[in-house]
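Residue numbers (our numbering): 2 to 89. Positions of the beta carbon are idealized from the N, C-alpha and C atoms, including for glycine. Small disclaimer: the values here were computed from a predicted structure and weren't measured. Right, one structure below, let's go through it.
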Amino acid sequence: MIKNSVISKKKKEEENPGSVEFQVFNFTNKIRRLTSHFELHPKDYLSQRGLRLILGKRQRLLSYLSKKNKIRYKNIINRLGIRDSQIR
């Protein structure tokens with residue numbers, strides 16, 4: 002019982018929903034889901050708008066992270082396999 006509570010505490014610390022890395026990870030998962038959705042439904046314009054909004058949010062979070070901490074920024078870019086932004 003005690004072991005399980007210690008494990009769950011560690012997991013919660015690693016997956017802090019307020020951290021920039023966690024938010025970028027969630028946005029990346031949503032983006033990947035939506036892009037696979039568009040293969041079946043290419044004329045779903047409302048979802049395309051939602052995708053653009055999510056892409057903007059993720060871009061703003063990544064630019065904030067690149068300004069605050071380059072090491073964490075590079076780490077998350079490499080871990081998620083997304084391109085480094087050219088616009089700053």
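Nearest-angstrom Cα separation, counted from residue j out to residue i
i	j	result
LYS11	THR36	Bear in mind that the predicted position of LYS11 carries a pLDDT of just 47, short of 50, making it unreliable; the figure below should be weighed with that in mind. Roughly 33 Å separates the two Cα atoms.
ILE83	ASN76	11 Å
DSSP three-state assignment for residue i, whether helix, strand or coil
i	result
LYS68	helix
ILE77	helix
HIS38	helix
LYS16	At residue 16 the sequence reads Glu, which differs from the Lys that was named. Looking at GLU16 - three-state DSSP - the assignment turns out to be coil, as it is neither helix nor strand.
Distance between beta carbons of residue j and residue i, contact taken as under 8 Å
i	j	result
GLU22	ARG59	Not quite, the Cβ-Cβ distance comes to about 12 Å (not below 8 Å), so this is no contact.
Residue j beta carbon less than 8 Å from that of residue i
i	j	result
PHE28	ILE55	yes
GLU32	LEU63	The question names Glu, but residue 32 in the sequence shown is Ile. No; because the gap between Cβ atoms is not below 8 Å, this pair is not in contact.
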